[in-house]
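Residue 1 is where the sequence shown starts when you use the UniProt record's numbering, and the numbers rise one by one after that.
All residues carry an ideal CB built from backbone N, CA and C; glycine is no exception.
Reading through the structure tokens given below for one structure.
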Amino acid sequence: MLGDSLSAGYGIDEKKGWVNLLKKELKNNHYPYQLVNMSTSGDTTSNGLAKLPQVLQTYRPAFVLLQLGANDGLRGLSLAQMKSNLAQIIEISQKANAKVLLIATLLPPNYGPIYLEKFKQVYRDLAKQYKIPLIPMFLEGVAGNPIFMQKDGLHPNQQAQSKIMANIWTTLMPMLDKE
């Protein structure tokens, strides 16, 4: 799992975050995979690309769950660079025989509709180009709902974690079943 604060469990007990809930779901359903969470709060696609070779060498994953880009967008970094970094992560992962699940995230609406659409298009383009599954909105049913968000309005709270895990599981399970 390569991600940022949304996957690292920012502001909540990490053991109760969606990634750990997904670990339990894998075990409960008797899948033979260990989920290693390499997510770090604040990570950009550049950070993910930099840590990827060591992650692949150390863990030799069958799957890479890729949830990066939010911090690129929040910092106003180039969408072209973000796309290039994500493409490299996908290519390197595939060359290491790992199947990639691309997990898109959204930005707050104050970035404007044009930028937000271009941001979302990066993920759609990459999923199509590399023929990989895409979760276009893994915070579906969570983002924008104050019941499920921390006070900062950016990070999901504890109550949201099972909902997020279910959003991921819906797309991940068919990938696992193909193996």
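Cβ of Q158 within 7 Å of Cβ of K16?
Position 158 of the sequence shown holds residue 158. Position 16 of the sequence shown holds residue 16. Yes. Within cutoff.
From L2 to T40, what does the alpha carbon distance come to, in whole angstroms?
By 1-based counting over the sequence shown, the position of residue 2 is 2. By 1-based counting over the sequence shown, the position of residue 40 is 40. Going from the Cα of L2 to the Cα of T40 covers about 8 Å.
Spatial neighbours of K163 within its chain, please: CB distance less than 6 Å, with the 5 preceding and 5 following residues excluded, ordered by chain position.
On the sequence shown, position 163 is the one that residue 163 refers to. Hits under 6 Å: G141 and V142.
Along the chain, which unbroken stretches of the alpha helix (DSSP H) at least 4 residues long are found entirely within the UniProt domain "SGNH hydrolase-type esterase" (2-160)?
For the UniProt domain "SGNH hydrolase-type esterase" (2-160), whole alpha helix (DSSP H) runs of length 4 or above, ordered along the chain, are 5-8, 18-28, 45-59, 70-74, 79-95 and 113-130.
Note down the Cα distance separating residue 248 from K51, rounded to an integer number of angstroms.
Nothing about residue 248 can be reported from this structure: the residues present for the chain run from 1 to 179 only.
Less than 7 Å separating the beta-carbons of M165 and L21?
For the purposes of this step, residue 165 is identified with residue 165 of the sequence shown, where counting begins at 1. For the purposes of this step, residue 21 is identified with residue 21 of the sequence shown, where counting begins at 1. In this structure, L21 lies closer than 7 Å to M165 by Cβ.
Pairwise C-alpha distance: V36 and L77:
What you label residue 77 is simply residue 77 of the sequence shown in a count that begins at 1. What you label residue 36 is simply residue 36 of the sequence shown in a count that begins at 1. Rounded to the nearest angstrom, the two C-alpha atoms are 27 Å apart.
Taking 8 Å as the threshold, find out whether the segment 121-140 comes into contact with the segment 94-108 through three or more Cβ pairs.
yes
Comparing alpha-carbon positions, which option in D43, M149 and G48 lies nearest P74?
Looking up residue 74 in the sequence shown gives position 74. According to the sequence provided, residue 74 is Leu. The question's Pro does not apply to it. Looking at the Cα atoms, D43 is the closest of the given residues.
CA nearest to the CA of P109, picked from L176, Q34 and G144
Within the sequence shown, numbered from 1, the residue matching residue 109 stands at position 109. It is G144.
Could you check whether P133 and T170 sit closer than 7 Å to each other, using their CB atoms as the reference points?
Position 170 of the sequence shown, counting from 1, holds the residue named residue 170. Position 133 of the sequence shown, counting from 1, holds the residue named residue 133. No, Cβ-Cβ distance for T170 and P133 is not below 7 Å.
To the nearest angstrom, report how far apart I12 and P146 are at their CA atoms.
Locating residue 12 in the sequence shown gives position 12, where the first residue counts as 1. Locating residue 146 in the sequence shown gives position 146, where the first residue counts as 1. In a straight line, the C-alpha of I12 is about 16 Å away from that of P146.
Using 8 Å for Cβ pairs, my map puts V64 next to S93. What's the rounded Cβ distance?
If you number the sequence shown from 1, residue 64 lands on position 64. If you number the sequence shown from 1, residue 93 lands on position 93. Indeed they touch by this definition, with Cβ atoms about 4 Å apart.
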